[in-house]
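Below is one structure, written out as structure tokens, with a few remarks after it.
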Amino acid sequence: MRREPYDEAYKAEIVRRVLAGETAEAISRQPGSPRGATIREWVVKAKHKEALKATVRQHVEPRPVVLAPTIEAHRPRRVLVIPDMHHPFCHPDALEFLKAVRDAYKCDSVVCLGDEVDWHALSRYDHDPDGLSPGGELEAALVSIAPFYTAFPDVLVCTSNHTVRGHRKAYSAGIPAAFLKHISMVLHAPDGWEWRDEHRIDGVSYIHGDAGRSGQYAHIHYMKQAKRSVVIGHIHAFAGVAFEGQHFGMNTGCLIDSEAYAFAYGRKNLLPVSLGCGVVIEGREAHFIPMHLDDNKRWTGKL
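Sequential numbering of the sequence shown, starting at 7, is according to the numbering used here.
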């Protein structure tokens, strides 16, 4: 028999089953069960309060939304490059994969190329009416990204088209920037996470890659345009490195869960996503590190 409204004991039992390994979709197919999206919201709310304790920080004054200029880092570095994660729709093994790459390559710096969150519910395109609400998606993203804050407390982040969706909607509505929270406050990010349009380390430009170039050779076009080595994300289907003389262009692919409803638009594409990340060594070497999956679409645990 269908239980509406669902009481707290029933919700707690469903959450327990999900945390024990059952999927929301499998439970939703059982008679009398709520929709998968409803179950996911219950799980998010159950985990939300505890996760925020570890990630929320206090701000005396809200920081402005205006972006700071590019900073050039002068000390040679070994950079772990994190591509688009699209929390809360990130691949479930992304964190362990990134930590393994960081340790294997002895990386001392971290750059995230943007789209760290998705904001599917804020898209100007049609979004799934059975998916999370904007508030629900924010809560889910905060829970999903919290372990990354712990593993990577200092990250240079590139501003990107998905992350600023909320601010763009506010801009379109005529709301001044002074009324808005900085994205770091929205995401409860640690102080070591810093957003800019571009970061430069050892002469290499790190950008999201949503400035008009696209396709398989976008990283090469950006390299030629900038006349320097460039690393991009944004384009999920392709990844790799190309050199031209001393300069290189690298596309780092993505770390998304391609089965999530937020990526339903790409299901009919013949091109699969390219999962992985990047490593740049002292501005001279660039490596795309693929994340190899098994038949269950989980990381094999091998680099």
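Glycine included, every Cβ here is placed at the ideal spot set by N, Cα and C.
All values reported here derive from a predicted model rather than from experimental measurement.
So, helix, strand or coil for residue i, using DSSP?
i: MET191; result: helix
i: ILE262; result: strand
i: LEU144; result: helix
i: GLU122; result: coil
i: VAL85; result: strand
i: ASP13; result: coil
i: LEU101; result: helix
i: LYS59; result: Caution applies to LYS59, whose pLDDT of 40 falls short of 50 and renders its modelled position unreliable; the model cannot decide the point.
i: LEU128; result: helix
i: VAL49; result: helix
i: GLU67; result: With a pLDDT of 34 at GLU67, under the threshold of 50, the modelled position of that residue is not reliable, and the figure given next carries that caveat. Coil.
i: VAL170; result: coil
i: SER220; result: coil
i: GLU200; result: strand
i: LEU186; result: coil
i: LYS112; result: coil
Whose C-alpha, out of the options, is nearest the C-alpha of residue i?
i: HIS289; options: CYS283, GLY259, THR258, GLN252; result: In the sequence as displayed, the identity of residue 289 is Gly instead of His. For the residues CYS283, GLY259, THR258, GLN252, the minimum Cα distance to GLY289 belongs to GLN252.
i: ALA52; options: GLU145, VAL117, GLY120; result: GLU145
i: GLU122; options: VAL107, TYR131, VAL192; result: VAL192
i: PRO50; options: SER34, GLN36, ILE20, SER39; result: In the sequence under discussion, the amino acid at residue 50 is Val, which differs from the Pro named in the question. Selected option, being the one with the closest Cα: ILE20.
i: THR156; options: LYS112, TRP305, PRO196, PRO89; result: PRO196
i: ARG46; options: LYS230, ILE189, GLY137; result: GLY137
i: LYS233; options: GLU250, SER178, ILE241, HIS242; result: GLU250
i: VAL117; options: GLY180, ILE207, TYR12; result: ILE207
i: HIS188; options: ALA179, TYR223, TRP199; result: TRP199
i: ALA176; options: HIS298, GLY142, ARG130; result: ARG130
i: PRO11; options: ARG174, GLY38, PHE158; result: GLY38
From the DSSP secondary-structure annotation, give me the bridge partner or partners of residue i.
i: PRO296; result: GLY282
i: GLY255; result: VAL236, ALA248
i: TRP305; result: LEU299
i: GLU291; result: ILE287
i: TYR212; result: HIS205, VAL237
i: HIS93; result: VAL123
Just to confirm, is the Cβ distance from residue i to residue j under 8 Å?
i: ALA258; j: GLY284; result: The displayed chain sequence assigns Thr, not Ala, to residue 258. For THR258 and GLY284, yes; Cβs fall inside 8 Å.
i: LEU148; j: PRO140; result: no
i: GLY239; j: ALA248; result: no
i: HIS225; j: LEU162; result: no
i: ARG202; j: THR165; result: yes
i: ASP216; j: PHE95; result: no
i: SER235; j: GLY218; result: no
i: ASP134; j: TYR16; result: no
i: PHE154; j: TRP305; result: no
i: LYS308; j: HIS298; result: yes
Assuming the contact rule is C-beta atoms closer than 8 Å, residue i and residue j should be a hit. Round their C-beta distance to whole Å, please.
i: HIS310; j: ILE151; result: Nothing about residue 310 can be read from this structure; the chain reaches only from 7 to 309.
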